[in-house]
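*Asks:*
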Amino acid sequence: MARAEAARRAYDLDLSGKREITSANHAAFTSLAIDLVEARYLLAGAGDGTISVFDLHQFGGNPRRRAAITPLFLAKRGGHTHGVSSIAWYTHDTGMFFSGSFDHKVNAWDTNAQRVVCQFEMPLPVYSISLSPIATRHALVAAGSGDQKVRLCDPMTGGSTHCLLGHREAILAVQWSPTNEYLLASASVDKTIRLWDIRRSGCLLSLDQHNSQTALETNRTLRLKNVSAKGGAPTSVTAHDEPVTSLCWSPDGLFLYSSGKDNKIHMWNADTGRNTLVNFAGVKNAAEKGSQMAISSDGQVLYHPNGSDILALEAHTGRTLSLLRGHFDKVNCCVFHPHLQELYSGGNDNQLLCWVPSMDEAELVEDEATDEGDERQQSSSAAHTQDVDGDAWSDEEEDEMDG
1 MARAEAARRA YDLDLSGKRE ITSANHAAFT SLAIDLVEAR YLLAGAGDGT ISVFDLHQFG
61 GNPRRRAAIT PLFLAKRGGH THGVSSIAWY THDTGMFFSG SFDHKVNAWD TNAQRVVCQF
121 EMPLPVYSIS LSPIATRHAL VAAGSGDQKV RLCDPMTGGS THCLLGHREA ILAVQWSPTN
181 EYLLASASVD KTIRLWDIRR SGCLLSLDQH NSQTALETNR TLRLKNVSAK GGAPTSVTAH
241 DEPVTSLCWS PDGLFLYSSG KDNKIHMWNA DTGRNTLVNF AGVKNAAEKG SQMAISSDGQ
301 VLYHPNGSDI LALEAHTGRT LSLLRGHFDK VNCCVFHPHL QELYSGGNDN QLLCWVPSMD
361 EAELVEDEAT DEGDERQQSS SAAHTQDVDG DAWSDEEEDE MDG
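Quick note on the UniProt record's numbering: the sequence shown kicks off at 1 and runs consecutively.
1. Let's test the definition: count the other Cβ atoms within 10 Å of the Cβ of Asp342 and tell me whether it reaches 16, buried, or not, exposed.
2. Distance, Cα to Cα, Asp14 vs Leu247?
3. Which class does Glu20 belong to by DSSP, given the choice of helix, strand or coil?
4. Should Cys163 go down as buried or exposed, given a rule of 16 or more other Cβ atoms within 10 Å for buried?
5. In the DSSP assignment, the beta strand (DSSP E) including Pro357 goes from what residue to what residue?
6. Which whole runs of the beta strand (DSSP E) in the region 240-319 are 3 residues long or more, in chain order?
7. Would DSSP call His57 helix, strand or coil?
8. Contact between the region 85-98 and the region 27-38: three or more CB pairs below 8 Å?
9. Per DSSP, Asn107 is paired with what?
10. Quick check on this structure: which residue in Arg325, Ser99, Gly49 has the alpha carbon closest to the alpha carbon of Ile87?
11. In the region 111-188, which residue ranges form an unbroken beta strand (DSSP E) of at least 3 residues, counting only runs that do not cross its ends?
12. How should Ala4 be labelled, buried or exposed, when 16 other C-beta atoms within 10 angstroms of its C-beta is the threshold for buried?
13. Candidates Lys264, Tyr257, Asn285: which alpha carbon is nearest Gly273's?
14. Using DSSP's beta-bridge definition, name the partner residues of residue 475.
15. Could you check what DSSP says for Asp360 in three-state terms: helix, strand or coil?
16. Going by DSSP in three states, Arg9 sits in which element: helix, strand or coil?
17. Just the Cα atoms here: how many angstroms apart are His80 and Val126?
18. Once you ignore the five residues that flank Phe280 on each side, which residues in its own chain have a CB closer than 6 Å to its CB?
19. Can you give me the C-alpha to C-alpha distance between Leu184 and Val174, rounded to a whole angstrom?
20. Excluding the 5 residues preceding and the 5 following Asn112 in the sequence, name in chain order all residues of the same chain whose CB lies nearer than 8 Å to its CB.
21. Helix, strand or coil for residue 404, going by three-state DSSP, please let me know.
22. State buried or exposed for residue 404, treating a residue as buried only when at least 16 other CB atoms are found within 10 Å of its CB.
23. Please state whether DSSP places Gly326 in a helix, a strand or coil.
24. My output table needs one value for Arg40: the three-state DSSP class, helix, strand or coil.
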């Protein structure tokens with residue numbers, strides 16, 4: 001029953017009329033992250049190089065109560081000189097988080113001290129970073145940048161362990177599998193998506209949107225084996241017809257979703273690498289430097305930045321559920337709260353918005369209507385009491401005058 005209720009709530013979100021997120025900075029929001037330990041703290045990276053940290057518990061325990069939250073602090077001491085492109089919490093506690101930036105750096109932050117404690121220099125702008133949500137044998141930060149390499153940064157040593165080679169252009173998205181701590185996906189301007197087992201020297205698969213080929217890495221040379229016509233000459237494969245800007249895993253790790261500037265979303269079987277050919281209609285992708293999709297905690301609903309809107313799609317069928325409207329400019333990022341079935345989004349309008357199940361908003365309206373009705377009833381009762389008192393006073397005065 002709890003799972004069904006969670007799914008029902010995630011299917012129908014609306015802009016919250018009671019939860020407001022305010023921020024002091026005046027720049028576009030580019031990346032969002034909720035901590036994996038308590039699902040309490042929200043990170044928001046911005047185009048001015050600052051990172052806001054919000055405590056979502058400040059909204060209070062009553063989902064029907066109006067509340068506004070402000071940042072606990074702005075992380076900028078020793079931070080970035082250019083815009084933040086990607087942020088991520090450390091997997092096992094909230095004492096550390098990471099940020100990637102167009103200033104060619106990946107920073108590790110001490111949350112309590114509000115300062116950078118470790119910095120990784122990259123040769124070109126960093127577009128995406130990711131930490132495994134389940135890793136116990138490593139704490140590697142995967143970083144995708146403009147130099148065609150996926151770098152694995154180790155905050156324990158302060159250096160890069162190794163690079164993953166294969167892409168031919170800038171890497172806009174990297175995402176660790178939620179169920180395999182060694183499996184990593186990367187997406188590039190070169191229109192390809194690659195799956196990596198970081199224990200191996202090469203790429204596991206290069207995903208093909210037409211399901212005509214499977215890419216295998218052998219002795220660091222990418223050889224393409226045609227699975228539909230044996231003996232065919234090797235040809236390059238693409239996952240999209242334009243640069244791939246965003247990746248998102250299903251919570252069970254069985255599927256990988258990708259979004260490209262060809263205005264398409266593809267759903268991939270993570271085991272076979274095959275395109276499931278699910279049709280996601282109405283997709284608009286205007287991202288130039290990457291974007292951030294989100295998926296509900298049960299894997300049923302996919303949320304995609306769609307111009308100044310957010311497109312809510314049924315994850316396994318591609319059916320459009322709703323178009324979330326509230327931003328006044330392009331939406332760059334969104335993240336789903338795993339416990340509350342709420343969505344948070346950031347855009348070029350310098351706003352952070354909270355989207356909640358419509359049933360909560362309806363209950364709020366009903367409560368307010370009830371409160372207003374109670375107030376009117378109390379006012380009416382008070383007025384009636386005054387009338388009665390007035391009549392009594394008049395009778396007494398008349399008696400005194402008669403006497």
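Note that beta-carbon positions come from the ideal geometry of N, C-alpha and C, so glycine has one too.
*Replies:* Taking the coordinates as given:
1. Here residue 342 is Glu; the residue named in the question, Asp, does not match the sequence. Within a 10 Å sphere around the beta-carbon of Glu342 sit 16 or more other beta-carbons, which makes this residue buried.
2. If I take the Cα positions, the gap works out to 24 Å.
3. Here Glu20 sits in strand by DSSP.
4. Taking all protein chains shown into account, Cys163 has fewer than 16 neighbouring C-beta atoms within 10 Å of its C-beta and is therefore exposed.
5. Segment 352-357, the beta strand (DSSP E) holding Pro357.
6. Correct list: 244-249, 255-260, 264-269, 301-306, 309-314.
7. Correct three-state label for His57: helix.
8. Contact between the region 85-98 and the region 27-38 is established, with three or more Cβ pairs separated by less than 8 Å.
9. Bridge partners of Asn107: Ser99, Gln119.
10. Out of Arg325, Ser99, Gly49, Ser99 has the C-alpha closest to the C-alpha of Ile87.
11. Annotation note: the region 111-188 contains the following uninterrupted beta strand (DSSP E) runs of length 3 or greater, listed N- to C-terminal: 115-121, 126-131, 141-145, 150-154, 159-164, 171-176, 183-188.
12. When all chains shown are included, Ala4 counts as exposed.
13. Minimum Cα distance to Gly273 is reached at Tyr257.
14. The displayed coordinates of the chain run from 1 to 403. Any statement about residue 475 would go beyond what the structure contains.
15. Three-state result, Asp360: helix.
16. Helix at Arg9.
17. Within the model, the alpha-carbon separation for His80 versus Val126 is close to 12 Å.
18. Cβ neighbours of Phe280 beyond the five flanking positions: Ile265, Leu313, Gly318.
19. When only Cα atoms are considered, Leu184 and Val174 end up about 7 Å apart.
20. Gly95.
21. With the chain running from 1 to 403 in the structure shown, residue 404 is simply not present.
22. Residue numbering for the chain in the displayed model covers 1 to 403; residue 404 lies beyond these limits and cannot be assessed.
23. Correct three-state label for Gly326: coil.
24. DSSP places Arg40 in the coil class of the three-state scheme, outside both helix and strand.
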